[in-house]
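Asker: Take the sequence shown: its letters are residues 586 to 735, numbered as in the working numbering.
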Amino acid sequence: MKKTIKYIIGIVLFIGVFFTSNNEININAVELDQEYDILTGLYITVDDSIALKLRENYFEGYITFEYLDEGLENFKIYTDTHRPSEEGGDYSIIASINKGDTGEWKQGKVRVYKENTQFTHQAENNSDFIFKGDAKVRNISFDFDIFSIQ
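#1: When we look at the beta-carbon of residue 692 and count the other beta-carbons within 10 Å, is it buried (16 or more) or exposed?
#2: Using a 10 Å radius around the Cβ and a threshold of 16 neighbouring Cβ atoms, would you call residue 716 buried or exposed?
#3: Could you compute how far the alpha carbon of residue 708 sits from the alpha carbon of residue 667?
#4: Opposite residue 677 in the DSSP bridges: which residues?
#5: Confirm, please, whether the CB-CB distance from residue 726 to residue 649 is below 8 Å.
#6: Applying the 10 Å Cβ sphere with the 16-neighbour rule, what's the burial state of residue 616?
#7: So, residue 704 versus residue 627, is the Cβ gap smaller than 8 Å?
#8: Return yes when the Cβ of residue 712 is within less than 8 Å of the Cβ of residue 665, no when it is not.
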């Protein structure tokens, strides 16, 4: 049986998002066009009940977002992982996005692999995902298709 769960930051369906700069600010619901400067990090924690479902079942997941393609620096998306690195790999980095300095908002889509993601809130600031780098992002959404035997 397949069950789809979708989270969109900016709608109350997503719980446990917080953004840190000098002070921690809890973000529970924001406007869809809200943009985040991720230089000091955007920390995202999945609700405990959903995290449990994701830990207990196979899923296919994606993070979609928009980023301002300004400058040539890259930014990264990290996850909470306990998977040991092999041959120098770092499974906590799930994406490194290179910018091309077009000045336009661009779409990003990143696959979330079950074997690389723990959903135990043990990444930095008790989060599950971290966006970090010299960039601005907005309209972040999480789509998970959860498969279970019924």
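Using N, Cα and C, we set each Cβ at its ideal position, and we do this for glycine too.
Answerer: Let me spell this out:
#1: As a position in the sequence shown, residue 692 is number 107, starting the count at 1. With fewer than 16 other Cβ atoms within 10 Å, it is exposed.
#2: Numbered from 1 along the sequence shown, position 131 holds the residue referred to as residue 716. Buried.
#3: For this step, residue 708 is matched to residue 123 along the sequence shown. For this step, residue 667 is matched to residue 82 along the sequence shown. Using only the alpha carbons, I get a separation of about 10 Å.
#4: In the sequence shown, residue 677 corresponds to position 92, counting from 1. Paired residue(s): none; residue 677 is not in a bridge.
#5: One-based indexing of the sequence shown puts residue 649 at position 64. One-based indexing of the sequence shown puts residue 726 at position 141. Yes, Cβ-Cβ distance for residue 649 and residue 726 is below 8 Å.
#6: On the sequence shown, residue 616 is found 31 positions in, with the first residue counted as 1. At residue 616, the pLDDT of 37 sits below 50, so the modelled position is not reliable; the number obtained from the coordinates is stated separately. Under the 10 Å beta carbon count, residue 616 is surrounded by fewer than 16 other beta carbons and is classified as exposed.
#7: Start at 1 with the first residue of the sequence shown, and residue 704 comes out as number 119. Start at 1 with the first residue of the sequence shown, and residue 627 comes out as number 42. The criterion of a C-beta distance shorter than 8 Å is not satisfied by residue 704 and residue 627.
#8: Mapped onto the sequence shown, residue 665 falls at position 80. Mapped onto the sequence shown, residue 712 falls at position 127. In contact: residue 665 and residue 712 (Cβ atoms closer than 8 Å).
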